[in-house]
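Just below is one structure, and these are the notes that go with it.
This is the structure we're talking about:
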């Protein structure tokens, strides 16, 4: 008998992917320029020209046997050291190369981390709205995802709900800031309060709780004065899962890392658990070409000013049309209140205007839709009349 759970996951794609595939079919039917696809977080800004230049240099100057061969299971030592040094210089940490594990993107980082930490029945607390695959990854690691509603209207952490949810079964808290799908950023005071609460609970009960930060959007923040705190500076039992998919516009190349805080008492065992989980899952030796690429471009980002202009234009237009939106500080998503209680019905009605938007139900937050504004500015402008007509159909 087959594993029925995995069969089920294979037969039903995520609603985001389903809508993305629908969009491709619809474009083939009526024309590329007539469909307004805001479904998926696929960067529209091209990778910096330095990416292509670096790839050519690496390919032209590196022994192909070495370049296309295996690295150490956790990644090339020199790459890990370069990244550790960069993190230390940027955030005043004390990481070494042996605190990092290179991965095939953020999904692998999260999957490995959860499998390293969780035992049967352990609970992982996260905050809704949250990326839907958190549930899939947690359950695959034999854990249970506990999704807590955030504060209404701000999508910041509701600490009363968190305090009530903590239990001896809590193994980890998983945060995502800037957040997908809301674009909300957790500031310094929030992270300090979170760290204090987890530390106090762990000390009181003797239950160690790990803090996992999912950070593919760290570089996508639009207010120069806004700080995205680095959790290792606030909480010892912390791990960072990072990806270059958004910062370098390389979502198809799948390269990222796990950083394990070496200030936690059980660091050696946690890092060994990460290495062991990577081994058990088959996530060893991330693609060497892109390991070497991030060694050269670890501090480079794509031109995110395009996303900022999109955000400002889109937020201004949607609020003018009557939509209720929490203005995002980062990432490239707009989380919009549905004009009707059933957000799925709203998303279906949007299709009549060739607008592809994702219902918030799968993000653990009913009554909202996610709109990905990482699109060409020209397409966004063409879509605005459709958003206006959609609003008028509800007489917002």
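In our numbering, the protein residues as written are 28 to 423. Here a beta-carbon is modelled for each residue, glycine too, at the ideal position from N, C-alpha and C.
Residue i and residue j closer than 8 Å at C-beta
{"i": "residue 195", "j": "residue 234", "result": "yes"}
{"i": "residue 272", "j": "residue 240", "result": "no"}
{"i": "residue 65", "j": "residue 285", "result": "no"}
{"i": "residue 393", "j": "residue 370", "result": "yes"}
{"i": "residue 413", "j": "residue 380", "result": "yes"}
{"i": "residue 101", "j": "residue 302", "result": "yes"}
{"i": "residue 424", "j": "residue 342", "result": "With the chain running from 28 to 423 in the structure shown, residue 424 is simply not present."}
{"i": "residue 308", "j": "residue 142", "result": "yes"}
{"i": "residue 148", "j": "residue 162", "result": "no"}
{"i": "residue 125", "j": "residue 237", "result": "no"}
{"i": "residue 333", "j": "residue 243", "result": "no"}
{"i": "residue 132", "j": "residue 401", "result": "no"}
{"i": "residue 432", "j": "residue 129", "result": "The requested residue 432 is not part of the displayed model; the chain covers only 28 to 423."}
{"i": "residue 63", "j": "residue 383", "result": "yes"}
{"i": "residue 46", "j": "residue 363", "result": "no"}
{"i": "residue 203", "j": "residue 157", "result": "yes"}
{"i": "residue 274", "j": "residue 329", "result": "yes"}
{"i": "residue 232", "j": "residue 201", "result": "no"}
{"i": "residue 155", "j": "residue 176", "result": "yes"}
{"i": "residue 318", "j": "residue 103", "result": "yes"}
{"i": "residue 77", "j": "residue 327", "result": "yes"}
{"i": "residue 41", "j": "residue 159", "result": "yes"}
{"i": "residue 340", "j": "residue 407", "result": "yes"}
{"i": "residue 355", "j": "residue 211", "result": "yes"}
{"i": "residue 315", "j": "residue 94", "result": "yes"}
{"i": "residue 422", "j": "residue 348", "result": "no"}
{"i": "residue 310", "j": "residue 135", "result": "yes"}
{"i": "residue 118", "j": "residue 30", "result": "no"}
{"i": "residue 411", "j": "residue 358", "result": "no"}
Enclosing alpha helix (DSSP H) for residue i [first to last residue]
{"i": "residue 186", "result": "186 to 192"}
{"i": "residue 33", "result": "31 to 38"}
{"i": "residue 171", "result": "It is not in any alpha helix (DSSP H) - residue 171 instead sits in the beta strand (DSSP E) that spans 171 to 176."}
{"i": "residue 114", "result": "104 to 118"}
{"i": "residue 43", "result": "42 to 57"}
{"i": "residue 294", "result": "294 to 308"}
{"i": "residue 406", "result": "404 to 421"}
{"i": "residue 232", "result": "215 to 232"}
{"i": "residue 281", "result": "Run containing residue 281: none; DSSP gives neither H nor E here."}
{"i": "residue 164", "result": "160 to 167"}
{"i": "residue 122", "result": "Note, residue 122: premise wrong, no alpha helix (DSSP H); not H, not E."}
{"i": "residue 74", "result": "Neither: residue 74 is in no alpha helix (DSSP H) and is coded neither H nor E."}
{"i": "residue 93", "result": "91 to 94"}
{"i": "residue 183", "result": "That residue, residue 183, is in no alpha helix (DSSP H); it is neither H nor E in DSSP."}
{"i": "residue 273", "result": "No alpha helix (DSSP H) contains residue 273, which DSSP labels as neither H nor E."}
{"i": "residue 321", "result": "315 to 324"}
Sheet register partners of residue i (DSSP bridge)
{"i": "residue 248", "result": "357"}
{"i": "residue 267", "result": "240 and 286"}
{"i": "residue 382", "result": "63"}
{"i": "residue 363", "result": "352 and 396"}
Beta-carbon separation (whole angstroms), residue i vs residue j, contact threshold 8 Å
{"i": "residue 312", "j": "residue 98", "result": "5 Å"}
{"i": "residue 277", "j": "residue 199", "result": "Residue 277 to residue 199, Cβ: 27 Å. No contact."}
{"i": "residue 335", "j": "residue 395", "result": "The Cβ separation is near 22 Å, so there is no contact."}
{"i": "residue 346", "j": "residue 353", "result": "Residue 346 to residue 353, Cβ: 11 Å. No contact."}
{"i": "residue 137", "j": "residue 164", "result": "5 Å"}
{"i": "residue 150", "j": "residue 173", "result": "5 Å"}
{"i": "residue 224", "j": "residue 190", "result": "7 Å"}
Test: residue i CB closer than 8 Å to a CB of chain C
{"i": "residue 224", "result": "Note that chain C does not occur in the displayed structure, where there is just one protein chain."}
Near the ligand ATP: residue i beta-carbon under 7 Å from a heavy atom
{"i": "residue 283", "result": "What this structure holds is no ligand at all, so the ligand ATP is not there to describe."}
Start and end residues, beta strand (DSSP E) containing residue i
{"i": "residue 150", "result": "150 to 155"}
{"i": "residue 198", "result": "197 to 203"}
{"i": "residue 399", "result": "395 to 399"}
{"i": "residue 128", "result": "127 to 130"}
| request: Count the CB pairs spanning the segment 41 to 55 and the segment 248 to 265 that are closer than 8 Å, and state whether there are at least three. | output: no
| field | the segment 201 to 217 in contact with the segment 281 to 300 per 3-pair CB rule at 8 Å | value | The segment 201 to 217 is not in contact with the segment 281 to 300.
| On the three-pair Cβ rule with 8 Å, is the segment 69 to 89 touching the segment 321 to 328? | yes
| said: Does the segment 109 to 116 come into contact with the segment 203 to 212, if we say contact requires no fewer than three beta-carbon pairs (one atom in each stretch) closer than 8 Å? | reply: no
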